[in-house]
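Line by line, the protein sequences give chains B and V.
Here the working numbering is used: the first residue of the first sequence is 127, the next is one more, and so on.
Here the working numbering is used: the first residue of the second sequence is 385, the next is one more, and so on.
Think of the CB as a built atom: it goes at the ideal place given N, C-alpha and C, for glycine as much as any other residue.
Data block below; observations after.
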Amino acid sequence: MIRLLAALLLAAAPAAAQVQGVLLDDPVEMPSFALDGTATTRFSDADLQGRWTLVMFGYNSCPDVCPFTMQNLEAAWSETSLRVRPDNIPQVVFVSVDPERDRETVADYAVFFHPDFLGVTGRQEDIDRLVEASDSFYRLMPPDSSGYYEVQHSSSVLVIAPDGTLRAKLQPPFDPGRTAEFLSMLQIQYRREMIQ
Amino acid sequence: MRSLLLAAVLSFPALAHAGDIAVTEARVALAPPGARTLAAYMVVANAGAAPRALAGVRAEGFAMAHLHHSMEKDGVAMMAAMDQIEIAPGGSVAFAPGGLHVMLMGPRKALAVGNEVVLTLIFADGAEIAVTAPVERIDAGS
Ligand SMILES: [Cu+2]
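This is how it looks when you write it as structure tokens:
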């Protein structure tokens with residue numbers, strides 16, 4: 127079934143075979159974790175159940191790539207929202223891997239890009255569990271003389287199905303049309319799998 | 385339409401000329417909450433017959449400014465400082481989101497849409513060009 131979907135995706139975009147996502151061979155269970163943004167915004171493994179979730183890793187001090195990615199993701203998400211059933215519109219979650227600096231700002235940071243986006247961070251062990259389970263990556267770089275440091279992080283976005291398992295990763299630049307296509311095909315495949 | 389026209393008029397000062405070098409579309413991206421650094425973008429064109437090299441930049445109101453390049457390596461997003469950026473005769477270099485950017489570090493005050501930042505581009509031959517970059521909200525695809 128996974129191979130069939132890949133074939134369909136290739137057939138859908140013959141001219142520009144720009145890959146917007148990669149399907150995992152097997153669904154990957156997500157670990158238990160608890161992250162938060164404000165006192166009222168929380169995000170834990172329980173929130174993965176019953177809805178589609180897109181998770182992006184990054185940090186608020188990132189001047190160029192993170193805003194660029196969030197804007198592209200917002201455009202792709204908006205396009206997806208037009209194409210899928212309302213209950214299949216994914217929740218977008220920005221997870222800061224830099225809790226030290228971003229604890230106070232991460233919720234507002236995500237909302238800057240869309241009012242429905244969630245921004246969270248948390249204890250390093252929770253972040254690390256999510257990062258490791260999804261085969262993602264981040265690294266805090268050594269600080270410069272002013273104390274500022276950069277953070278390297280995975281550029282792909284996790285696609286987590288309503289059963290709480292990781293199914294795919296979206297790849298930049300998140301072309302809106304192709305990303306929406308990819309996500310709606312993935313959702314069709316998932317529904318078929320659930321019926322079987 | 386009116387706001388589009390207004391935007392075009394407002395961004396007019398972002399055009400700077402000095403000899404064979406022209407700088408257009410200079411702008412500073414409005415920073416999301418929590419940003420400690422900002423990014424500026426522009427297009428630098430070299431109409432001359434000789435290659436030119438951009439070697440640095442100063443930014444009014446910031447502690448430091450660097451020429452940076454965002455890139456992706458093995459699925460990891462990272463940035464690197466550029467010592468020099470060559471601009472071929474008749475060519476141009478675009479600073480745009482997700483690639484080349486002027487990294488503005490240590491803002492002395494928070495910037496809002498409509499504020500302006502004076503950037504001074506420093507060339508390897510010693511020439512300097514000042515350009516006024518308005519702060520704008522930059523959306524996908526722009
Ligand atoms: Cu940078």
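Nearest-angstrom Cα separation, counted from residue j out to residue i
i: S170/B; j: T231/B; result: 19 Å
i: S310/B; j: H279/B; result: 27 Å
i: A328/V; j: R255/B; result: In the structure as shown, chain V begins at 385 and stops at 526. Residue 328/V is therefore absent and cannot be evaluated.
i: T305/B; j: A294/B; result: 12 Å
i: E307/B; j: A160/B; result: 31 Å
i: D173/B; j: T206/B; result: 20 Å
i: V210/B; j: A236/B; result: 22 Å
i: G245/B; j: T164/B; result: 9 Å
i: C188/B; j: Q322/B; result: 44 Å
i: V73/B; j: A472/V; result: The shown model of chain B, from 127 to 322, leaves out residue 73/B, and the question about it has no answer.
i: D151/B; j: A415/V; result: 38 Å
i: A496/V; j: V519/V; result: 7 Å
i: N251/B; j: S260/B; result: Asn is not the amino acid found at residue 251/B; the sequence shown has Glu there. Roughly 14 Å between the two C-alpha positions.
i: W203/B; j: Q297/B; result: 13 Å
i: A517/V; j: D458/V; result: 34 Å
i: V486/V; j: R317/B; result: 46 Å
i: E319/B; j: G273/B; result: 50 Å
i: G440/V; j: R492/V; result: 20 Å
i: V257/B; j: F183/B; result: 9 Å
i: P157/B; j: P288/B; result: 15 Å
i: M466/V; j: I405/V; result: 19 Å
i: A480/V; j: H452/V; result: 11 Å
i: D351/B; j: D301/B; result: No statement about residue 351/B is possible, as the shown extent of chain B runs from 127 to 322 and does not include it.
i: A392/V; j: D523/V; result: Low confidence applies here, because A392/V scores a pLDDT of 45, under 50, leaving its location unreliable; read the following figure in that light. One C-alpha to the other measures close to 16 Å.
i: D213/B; j: T179/B; result: 12 Å
i: P153/B; j: T291/B; result: 6 Å
i: G248/B; j: G403/V; result: 52 Å
Cβ-Cβ separation, residue j to residue i (assumed contact under 8 Å), whole Å
i: G418/V; j: D228/B; result: 6 Å
i: V283/B; j: V191/B; result: Not quite, the Cβ-Cβ distance comes to about 13 Å (not below 8 Å), so this is no contact.
i: L505/V; j: L422/V; result: In fact, because the Cβ distance is near 17 Å, the residues do not count as touching under 8 Å.
i: R177/B; j: Q146/B; result: About 21 Å separates the two Cβ atoms, so there is no contact after all.
i: A431/V; j: I469/V; result: Their Cβ separation, rounded to whole angstroms, is 17 Å, which puts A431/V and I469/V out of contact at 8 Å.
i: G482/V; j: F194/B; result: 4 Å
Worksheet item: What residues from the segment 184-216 of chain B come within 7 Å of chain V, judged by C-beta to C-beta, listed N to C?
Response: Within the segment 184-216 of chain B, the residues whose Cβ lies closer than 7 Å to some Cβ of chain V are N186, S187, P189, D190, V191, P193, F194, Q197, N198, E200, A201, listed in chain order.
Worksheet item: Taking one C-beta from the segment 255-274 of chain B and one from the segment 217-229 of chain B each time, how about it: are there three or more such pairs within less than 8 Å?
Response: With a cut-off of 8 Å, the segment 217-229 of chain B and the segment 255-274 of chain B count as touching, because enough Cβ pairs lie within range.
Worksheet item: Taking only runs of the beta strand (DSSP E) that begin and end inside the segment 193-258 of chain B, which ones reach a length of at least 3 residues, in chain order?
Response: For the segment 193-258 of chain B, whole beta strand (DSSP E) runs of length 3 or above, ordered along the chain, are 217-222, 244-246.
Discussion item. Using a Cβ distance threshold of 8 Å, determine whether the segment 423-431 of chain V contacts the segment 470-485 of chain V, with at least three qualifying pairs required.
Written reply: By the criterion of at least three beta-carbon pairs nearer than 8 Å, the segment 423-431 of chain V is in contact with the segment 470-485 of chain V.
Fill in: Interfacial residues, the segment 456-489 of chain V to chain B, with Cβ spacing under 7 Å
So the list reads E456, G459, V460, A461, M462, M463, P481, G482, H485, M487, M489, given in the order they occur along the chain.
Discussion item. Counting only Cβ-Cβ distances shorter than 8 Å, please list the residues of the segment 269-286 of chain B near chain V, keeping chain order.
Written reply: Going along the segment 269-286 of chain B in chain order, one finds S272, Y274, E276, Q278, H279, S280, S281, S282 with a Cβ nearer than 8 Å to chain V.
Worksheet item: For the 8 Å Cβ check, are there 3 or more pairs between the segment 497-505 of chain V and the segment 437-447 of chain V?
Response: Pairwise C-beta distances place the segment 497-505 of chain V in contact with the segment 437-447 of chain V, as three or more of them are shorter than 8 Å.
Item to complete: With 8 Å as the limit, tell me which residues of the segment 402-423 of chain V have their beta carbon closer than that to any beta carbon of chain B; keep them in chain order.
Response: Taking 8 Å as the Cβ-Cβ cut-off, the segment 402-423 of chain V approaches chain B at A413, A415, P416, P417, G418, A419, R420, T421, L422, A423, given in chain order.
Worksheet item: Residues in the segment 226-242 of chain B with C-beta within 9 Å of chain V's C-beta atoms, listed in sequence order?
Response: Cβ contacts with chain V come from R227, D228, E230, T231, V232, A233, D234, Y235, A236, V237, F238, F239.
Worksheet item: According to a CB-to-CB cut-off of less than 9 Å, which residues of the segment 289-314 of chain B neighbour chain V?
Response: Listed by position, the residues of the segment 289-314 of chain B near chain V (Cβ gap below 9 Å) are K295, Q297, P298, P299, F300, P302.
Practice prompt. Just list the beta strand (DSSP E) runs in the segment 479-516 of chain V, keeping only unbroken ones of 3 residues or longer that don't cross its boundaries, in chain order.
Written response: Uninterrupted beta strand (DSSP E) stretches at least 3 residues long and entirely within the segment 479-516 of chain V occur at 484-491, 500-507, given in chain order.
Item to complete: Return the residues of the segment 441-452 of chain V that lie within a Cβ-Cβ distance of less than 9 Å from chain B, sorted by chain order.
Response: Per Cβ criterion, the list reads A447, M448, H452.
Worksheet item: Unbroken beta strand (DSSP E) runs of length 3 or more, entirely within the segment 256-304 of chain B: which are they?
Response: List check, beta strand (DSSP E) in window: 264-266, 277-280, 283-286, 291-296.
Fill in: Selection of the segment 251-263 of chain B by Cβ proximity to chain V, strictly under 8 Å
For the segment 251-263 of chain B, the residues whose beta carbon sits under 8 Å from a beta carbon of chain V are, in order, F263.
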